[in-house]
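Engineer:
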Amino acid sequence: MCQPLTDAAPAAERLGDDFPDAVAFEGTVAKVRHHGRLVFVKLSDDRGAESDVVFDWRFFEHESSPRPFPSKSEIKAGDRLIGRLGLPSGPGAPPRARQLAAREPGSKLPTSSVSTRRTGVVASSGYAPCLRCGASQRRLKLSPPGPPCHSSRAIVGNDPDLDSPRLGGEEREMLVDETSGRRSGHKRSTESEVPSPTRARGDRSDGGITLEAIRSLLQEQTKSLMDSHQQDLMDLKTATFKELTGIKKDVRKHGDFIEQLRDNQEKIEDRLKCLEQRGPGSAATTTSEATRPNLMILGGWPQDTQKDILLAELDTSLQQLGLQGSFEDVFCTGPRRGFAMAFVAMQPSETGMQLKRRMITLAQQIQNAGIRAPSMDATRTLKATLGKSKQERLLSNHTGKTKRLILTISPTSLGAIETEYSAGNVWFHSKLVASASRLGPHDGCLPGKPDRSWLDVVMLFKLLKMPQEDIEKQWGDLHEQGATLQRGRPRTEFLSPRYSVSEDADMASGCVNSDVTAEELRTMCKLLPPTLLPVLLLGDFNTKLKWTDALDPQGDLRPTEDQWTVPTSRPRRTKVDSYKQIGGDHERISFVSAKLPSLDRIDQATLQVADLYRQAKRTKSEQDWKAAHKARRKAQEAWRDNRNERAAEGHWQSFRSLKTLGGNEWTVHFIEAAEEAKQDPKRWTVQHFRTLFQKTEPRDPPRWNKEVDTGNHFTLEDLRQALQKGKTNKAVGEDLVSFELIRALCEDAPTEKAFLEWMERLRCGEQLPQSWLRTVVTLLPKSDKPRGPKDLRPISVGASAAKVFGTMLLIRTRSYVRPAGPAQCAHNGRQTADYLHAALKTFSLDTEWRLGLSWCRIDIQKAFDTLARDRTLQLLRDNLPAEMFLEYRCWERLFHEGTAVLKTPWGDEEIAQERGIRQGSVESPFLFSIAIEMALKAATEHSEWPKTIPSAPDLPLAELLYMDDTLLWAANRDDMIKKYNILKSELAKWGLRVNPEKTSYYHSPHSTTPGNIVLDDQVIEPASHMTVFGIPLATPLKPTSLMDTAMSKASKKFYANKHIFMARSPLKGKLKTFQTIVGGSALWYCSAVSPSTQALSGMNTLQLELLAKTIGFRGKTEETWLDFRSRSLRGARHVLHSHHMDRWSTIWLRRFWDYKGHVARAMHRESPPASSLMDSVRTLEWWTERQRSGIRRPGHFYPYRTNEEKALNRAAGGTPWRLAATDTARWAQCKEAWVQAMDVAWASGRQLAIGQ
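The sequence shown begins at 145 in this note's numbering and counts up one residue at a time.
1) Identify, in the order they occur along the chain, each residue of the same chain with its Cβ nearer than 7 Å to the Cβ of Val1222, setting aside the five sequence neighbours on each side.
2) Residues in its own chain within less than 6 Å of Glu170 by CB, not counting five upstream and five downstream?
3) Hey, how far is the Cα of Val183 from the Cα of Lys175?
4) Locate the beta strand (DSSP E) running through Tyr1146, then write down its first and last residues.
5) Buried or exposed, going by whether 16 or more other CB atoms sit within 10 Å of the CB of Arg758?
6) Is it true that the segment 1233–1242 meets the segment 1172–1190, where meeting means three or more beta-carbon pairs spaced less than 8 Å apart?
7) With a Cβ-Cβ cutoff of 9 Å, do Glu878 and Ser927 count as a contact?
8) Taking just the CA atoms, how far does Arg1277 sit from Trp1386?
9) Any chance the segment 480–490 sits against the segment 434–451, with 3 or more Cβ pairs inside 8 Å?
10) Determine whether the beta carbon atoms of Leu917 and Thr1043 lie at a separation below 9 Å.
11) When the Cα atoms are used, what is the spatial distance from Leu885 to Gln868?
12) Please state whether DSSP places Tyr1342 in a helix, a strand or coil.
13) Among Trp619, Thr859, Pro938 and Leu912, which one has its Cα closest to the Cα of Val1045?
14) List the whole-angstrom C-beta distance separating His981 from Ala818, where the pair is believed to meet the contact cut-off of C-beta under 8 Å.
15) Give me, in chain order, the residues of the same chain whose beta-carbon lies closer than 7 Å to that of Thr811; leave out the 5 immediate sequence neighbours on both sides.
16) Who does Ile939 pair with in a DSSP beta bridge?
17) According to DSSP, Met1187 sits in a beta bridge with which residue or residues?
18) Identify which residue in Pro1180, Tyr1124 and Gly620 has its Cα closest to the Cα of Asp1160.
19) By Cβ distance below 6 Å, which residues in the same chain neighbour Ile1093 in space, the five residues on each side in sequence not counted?
20) Determine the direct distance from the alpha carbon of Lys985 to that of Met1318, and round the result to whole angstroms.
21) Just the Cα atoms here: how many angstroms apart are Ala1381 and Trp1361?
22) Can you give me the Cβ contacts of Leu1080 inside the same chain, cut-off strictly under 7 Å, excluding the 5 residues immediately before and after it?
23) Considering only DSSP beta bridges, list what His178 is partnered with.
24) Between Ala1132 and Arg1015, what straight-line distance do the alpha-carbon atoms span, to the nearest angstrom?
25) With H, G and I counted as helix, E and B as strand and the rest as coil, what does DSSP make of Ile504?
26) I need the straight-line Cα distance from Ile299 to Val197, nearest angstrom please.
27) Taking the Cβ atom as the reference point for each residue, do Val601 and Gly592 lie within a distance shorter than 9 Å?
28) Starting from the N-terminal side, write out each stretch of the alpha helix (DSSP H) that is 4 residues or longer and does not extend beyond the segment 863–906.
29) In whole angstroms, what is the alpha-carbon distance linking Asp696 and Ala456?
30) At 4 residues or longer, and completely inside the segment 1342–1367: list those alpha helix (DSSP H) runs for me, N to C.
31) Only counting the same chain, and skipping five residues up and downstream in sequence, which positions put a Cβ closer than 8 Å to that of Pro96?
32) Count the other CB atoms, across all protein chains shown, that sit within 10 Å of the CB of Asn541; report buried if there are 16 or more and exposed otherwise.
33) Excluding the five sequence neighbours on either side, which residues of its own chain have a C-beta within less than 7 Å of the C-beta of His1040, listed in chain order?
34) Please confirm whether His1281 and Asn788 have their CB atoms less than 9 Å apart.
35) Reducing DSSP to helix, strand and coil, say where Trp783 ends up.
36) Taking the alpha-carbon positions, what's the Val570 to Arg548 distance?
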């Protein structure tokens, strides 16, 4: 090898003869490592470059070594080594070195005096042994000016001529593939020595493997492992956050339960404390209890006296008596009553007996005074009585029901009845027939509602001479508060929610005038028992009746017109139960007659199949059965083919019948999820929606704070407009009344007028039908595999009449509740294209000007089902004028708590629906869109809301809404977090919650704050694109790919209905169906997307491909695929042209032209939509002015927006297209010029004739 430090340079010069091709080296020892016979030396030259040299003392200790060499331990750091490296071939070289020099590079020596050790080091095909040590190594490129041999960046070959020891420690890092059993540098004796033809052995230009390559490989592996561990940690962190969120929710829920328990405990403690303060023997309760022994009833006013008048007159009367301080609270239970209730003020330490005595004294004092209020009748005075407990009322009701039962059967037996209401006892002809405090005489007595109450049916059977079964039925009807028994002569029935009574009333029959009928009805109404409950009069009259003045306390019955003398279309019936017969004038239902469909043909195949089956049943022959089955299969196939052909021809009813109906396949996945969660599917679902519909706080409906005005009555135009807006083929409610039935009934003028009068009565305050607040809730899965009740969407189905009434209210309300701004795109005059167009404009601006925007699409959890009703009513109250008072009250009644019949695959369940708006009702979309728009408006008016974007201060808005689909954009991530938090707090005021797990975030490549965003402790990674209505948008925006989503949807729609489009039917009908179904899917949002030549051509190509399959082109045997494609597309193009059908590119251009005119004209509205505002930002005129000022865009891009505006201007005749769009007639005339200028050519021109 090299010379020692002493006399190293001269000696190195003298080595030239023995070392031809040697390379000189010189350097200072920086580090020395000893490993057996090997010594690793790190040398550093004058310029600071480092290199490694390896010495092997086996050759220097040889007797034939040409130069002496110091011992291994004498080489130390700081010494300077000078020598030459090369291959010793002279006579003074060691024999081993001469043998290495004589062999071919990479070949084995025939013999070796040194034992071989397999160190696992990969051998090289090109060797360069050291001058003295002869250590075979692979020559590698080293960083200059280091020596080209024995560098640590090279891998020392495992030459079989060397006894290389197995390295350890740090030197082991220089070796690779140490544990391999067989190495490429070792050939067995049986293997051929012929070099590989694919590899040039001994190629010294081979780069080989360096230490830098190994380090780079290790760094890459380390980075990969770190990224993998980082991803695992991130997933673990996300899962942990999710689990912690669930735990927090559970803890919060349990905290609410604990708070409720604490509240209940505090109430119990307060009650006990109050009882202790009152002393022993006190039976009085606190003022917070439900049963109040200090309740007193004050009456004497006529029924339906207004509440304000009644309370004012009662206050005056109590002041006259000097008893105003004796009552702590005076109130009425409704807006119109004939009595008031009052709580007597209780004195400290007053026992229950003392309180009752004082109340009796007060009642006697009030009754003895004989005070008459101005609203009372001349024979009435102020009366007072003590309130009763629930048990006392039950005993009194039992006594009253028994008395009514006897009088119903025998009205003349009033004098033979004796009652004791306090004990529930009733005597009839001196016989005890009912009681609630004594034991029954025998086991055959019927039970009553109070405990231990009974009715002696056997004794009544003896006294009334009536069958016992009839008495039991009559008692059951009274017990259930239902219908009354009809017996003897026809009776007038008075029904109320609590009791019913029948009285004898002789009505005149035959031809009498309306005055006679009205007089008889007034006489009959006098038979009504005294009651404060609503009363329903059931009867069959030919005279229309109405109250002459419903607002007057003394209403009167009068006929609307003289109808009794009008001839009827059916014979009059006077027999009992004549209403059960069809054809008379007593029917309880109306019949709508129509012409029955005629039977124009009989399916002979069906008759043939039926005959074959009859024959098979008769003969019981196997052949006959096979023939029958075969005929049935053929008939079924023919029927299916016929149905497909009818659908392909454009028969929409047949097409709808072929649509795949959603089944209950999702229940399988739902049940699996329930089993994993250890839940019962039905109980899990019902409990989820019961909690969802349950109100979280007590309701406080806002009161009307404006003048009261009855407003305008409903008109026939209002009703007809509502019927016209209604949708057909929709599900019906529990009443099974469809919208089609109501529309058909209203085609009859009298029925339409009666229906309108009913709607008007409901508007004026008549109680809404209870069935309107009872809805059927159907569950629809949000995905194919729902994993819990949260993945189910509740759809409410209500009564059709309620939908008509709601539509009439909604038409009037819309005229006063106007949009609060341009953000909401779900209002009248706005559409989904506005939402998409505005979103596209933000991405195009970011592409052109590199604004660095960030977008966030917010998901609201269970939006419709959790909306606060009181806040919605407050919104209506603030926007409706005084003349809409009655309409507001109607909305208030429609928002009352209702009942939801939850339809699940495992059974039905009734749950209370106390909050939210019914998803599926006619008013829910409008009210919800207004509510969420007001929440967004309040958020934008917040002082901390980022008002502008610094990179684009001219942007008019930074938020979009389509119902609850919210899209925000901001200048950076911090502004987006601010917007999210402010909007979340405003939505919470409306009862709405944001779901951060489904919230998506995207930032521009030019954003100054890239990376993840944290919303509600939820780490959200930026997506590769922002999805808007299923369309992926990203920066840079590529207009040619915007229609890819529509093309994919069109292909799916075609292949889903492939059996229809490829059925054998007339081509004209198939083309119409194809254009409606597939074309509608392909072009549903094209009006908002700027057309480009590539996109237009792509749409036309897809149209021709699908149309070729519809026409039925098939490839020939000798035809190549390219020839078949050319022939089928040309044929489809010929069919389009011959049938005068527009290409999709033409339809796209026309729709885009119409929409751009709509956008330009909408800018002049009082409240322009978002599309118009965004379209007016940085227009062609604006850019032309800025160019004169020397402003340039920050980067290169294709100006498709600018080119689009230039093309629009050219099509508009050279005038600015926004100005031309204001004239609708001129804009329509310029449409064809736009299409001709922008549409792609029908063909390339290479086809010279159709036949080719």
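Built from N, CA and C at the ideal position, the CB exists for glycine as well.
Structural biologist: Looking at the coordinates:
1) Ala1194, Lys1197, Phe1198 and Leu1250
2) Ile226
3) 10 Å
4) Ser1144 to His1147
5) exposed
6) yes
7) no
8) 8 Å
9) yes
10) yes
11) 13 Å
12) coil
13) Pro938
14) Not a contact, Cβ separation roughly 44 Å.
15) Pro1049
16) Thr922
17) Met1187 is not bridged to any residue.
18) Tyr1124
19) Leu1099 and Ala1115
20) 7 Å
21) 15 Å
22) Ala967, Glu1103, Leu1105 and Leu1127
23) Val183
24) 11 Å
25) helix
26) Here the model assigns Ile299 a pLDDT of 32, short of 50, so the residue's position is not dependable, and the following value carries that caveat. Looking at the two C-alpha atoms, the distance is approximately 12 Å.
27) no
28) 883–889
29) With a pLDDT of only 37 at Asp696, under the threshold of 50, the placement of this residue in the model should not be trusted; the figure read from the coordinates follows. So the alpha carbons of these two residues sit roughly 18 Å apart.
30) 1344–1355 and 1361–1365
31) What the structure shows of the chain is the stretch from 145 to 1396, and residue 96 is not part of that stretch, so it cannot be assessed.
32) buried
33) Leu917
34) no
35) helix
36) 11 Å
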